[in-house]
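Participant: Numbering-wise (my numbering), the sequence shown opens with residue 27 and increments by one.
Every residue gets a Cβ at the ideal spot worked out from N, C-alpha and C, and that includes glycine.
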Amino acid sequence: MPPRFDPGAVTSVCLRVVGGEVGATSSLAPKIGPLGLSPKKVGDDIAKATQEWKGLRITVKLTIQNRQATVSVVPSASSLVIRALKEPPRDRKKVKNVIHDGNVAYEDIYEIAKIMRPRSMARKMAGTVKEILGTAQSVGCTVDGRHPHDWIDDINDGTVEVVDYDAPAQ
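(1) Does DSSP classify residue 38 as helix, strand or coil?
(2) Am I right that residue 46 and residue 94 are in contact with their C-beta atoms under 8 Å? What's the rounded C-beta distance?
(3) Residue 143: buried (16+ other C-beta within 10 angstroms of its C-beta) or exposed?
(4) Could you check where the beta strand (DSSP E) with residue 95 kicks off and where it finishes?
(5) Within 10 angstroms of the Cβ of residue 101, are there 16 or more other Cβ atoms? Answer buried if so, exposed if not.
(6) Please list the terminal residues of the continuous alpha helix (DSSP H) segment that includes residue 54.
(7) Hey, which unbroken runs of the alpha helix (DSSP H) at 4 residues or more fall wholly within the region 141-179?
(8) Relative to the C-alpha of residue 85, which candidate in 104, 92, 51, 70 has its C-alpha closest?
(9) Measuring alpha carbon to alpha carbon, tell me which residue in 179, 39, 99, 173 is nearest residue 153.
(10) Report the three-state DSSP secondary structure of residue 63 (helix, strand or coil).
(11) Specify the secondary structure class of residue 188 as computed by DSSP and reduced to three states.
(12) Taking 7 Å as the threshold (C-beta atoms), are residue 109 and residue 42 in contact?
(13) Can you list, in chain order, the residues of its chain whose CB lies under 7 Å from that of residue 73, leaving out five sequence neighbours each side?
(14) Can you tell me whether residue 197 is buried or exposed, with buried defined as 16 or more other CB within 10 angstroms of its CB?
(15) In this structure, does DSSP put residue 87 in helix, strand or coil?
(16) Specify the secondary structure class of residue 107 as computed by DSSP and reduced to three states.
(17) What does DSSP give as the partner residue(s) for residue 129 in the beta ladder?
(18) Suppose contacts are defined by Cβ-Cβ distances below 7 Å. Is residue 138 in contact with residue 158 by that definition?
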C-alpha cells in the first residue's frame with residue numbers, strides 16, 4: 027500500500043494552461059486528484075488567476091498545502107514578448123496560426139529581461155537581454171523597427187550598452 031498522505035506537506039505542480047480559460051478537468055484530475063483536491067475548483071482558481079493573460083499559453087505553478095491550492099503564474103519569455111505586442115485577445119478555436127509581426131520597444135525587452143533574470147542561465151544582464159531578443163526573433167516581431175538579431179549583433183560589438191541588473195533573491 028502507498029504511504030499515507032501527509033496534509034502538512036507542501037507539494038507543487040506545474041501546468042501549461044491557456045490564460046483566462048477553465049482547462050479540461052480530465053487533464054487536472056490525475057495530477058491533483060491524489061492530493062485530495064477538486065479538479066473543477068482548481069480549474070476555476072487557475073482561470074481567475076490567469077485572467078490578465080487571456081488567450082496566451084502560460085505556465086502556472088500550483089502550491090498545495092493542507093488541501094488548499096494557491097495559484098501563481100510563471101510567465102515564459104515568449105508569453106511576455108507576445109503580451110508586450112499588445113495584441114487583442116483572440117479566440118483559440120476560431121483563429122489559428124497567428125503571425126505576431128508587431129513591433130516591441132527596446133525598453134520593453136529590457137523590462138522582460140529583468141523579469142526573466144532570476145531564471146536565466148546568463149552570467150550578465152546582456153546575456154539575458156540577448157535571450158529575450160532571440161525569443162522575439164522566434165516569435166516573429168521586430169524591436170524598435172529593427173530585426174532582433176541586429177540588436178544582438180550591436181550588443182556583441184559594444185554599440186548598445188546593457189546596464190547590468192542583479193535580480194532580487196526569491
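Facilitator: According to the structure data:
(1) Against the sequence shown, residue 38 aligns to sequence position 12. Strand, per DSSP.
(2) To locate residue 46, count along the sequence shown from 1; it is residue 20. To locate residue 94, count along the sequence shown from 1; it is residue 68. Residue 46 to residue 94, Cβ: 22 Å. No contact.
(3) In the sequence shown, residue 143 corresponds to position 117, counting from 1. Answer is buried; the Cβ neighbour count reaches 16.
(4) The residue labelled residue 95 in the question sits at position 69 within the sequence shown. Start and end: 94-100.
(5) Counting from 1 along the sequence shown, the entry for residue 101 is found at position 75. Label assigned to residue 101: buried.
(6) The residue given as residue 54 occupies position 28 in the sequence shown. Start and end: 51-58.
(7) 151-165
(8) Taking the sequence shown and counting its residues from 1, the one referred to as residue 85 is at position 59. Nearest option by C-alpha distance: 104.
(9) Here residue 153 corresponds to residue number 127 of the sequence shown, with the count starting at 1. Checked all of 179, 39, 99, 173; the closest Cα to residue 153 is 179.
(10) Numbered from 1 along the sequence shown, position 37 holds the residue referred to as residue 63. Here residue 63 sits in coil by DSSP.
(11) Locating residue 188 in the sequence shown gives position 162, counting from the first residue. In the structure shown, residue 188 sits in coil (DSSP, three-state: anything other than H, G, I, E or B).
(12) Position 16 of the sequence shown holds residue 42. Position 83 of the sequence shown holds residue 109. Taking 7 Å as the Cβ cut-off, residue 42 and residue 109 do not qualify as a contacting pair.
(13) For the purposes of this step, residue 73 is taken as the residue at position 47 of the sequence shown. Hits under 7 Å: 46, 47, 48.
(14) Because the chain is modelled from 27 through 196, residue 197 falls outside the range shown and cannot be assessed.
(15) Numbered from 1 along the sequence shown, position 61 holds the residue referred to as residue 87. Note: residue 87 maps to strand in three-state DSSP.
(16) To locate residue 107, count along the sequence shown from 1; it is residue 81. Helix.
(17) For the purposes of this step, residue 129 is identified with residue 103 of the sequence shown, where counting begins at 1. Note: residue 129 sits in a beta bridge opposite 168.
(18) Start at 1 with the first residue of the sequence shown, and residue 138 comes out as number 112. Start at 1 with the first residue of the sequence shown, and residue 158 comes out as number 132. In contact: residue 138 and residue 158 (Cβ atoms closer than 7 Å).
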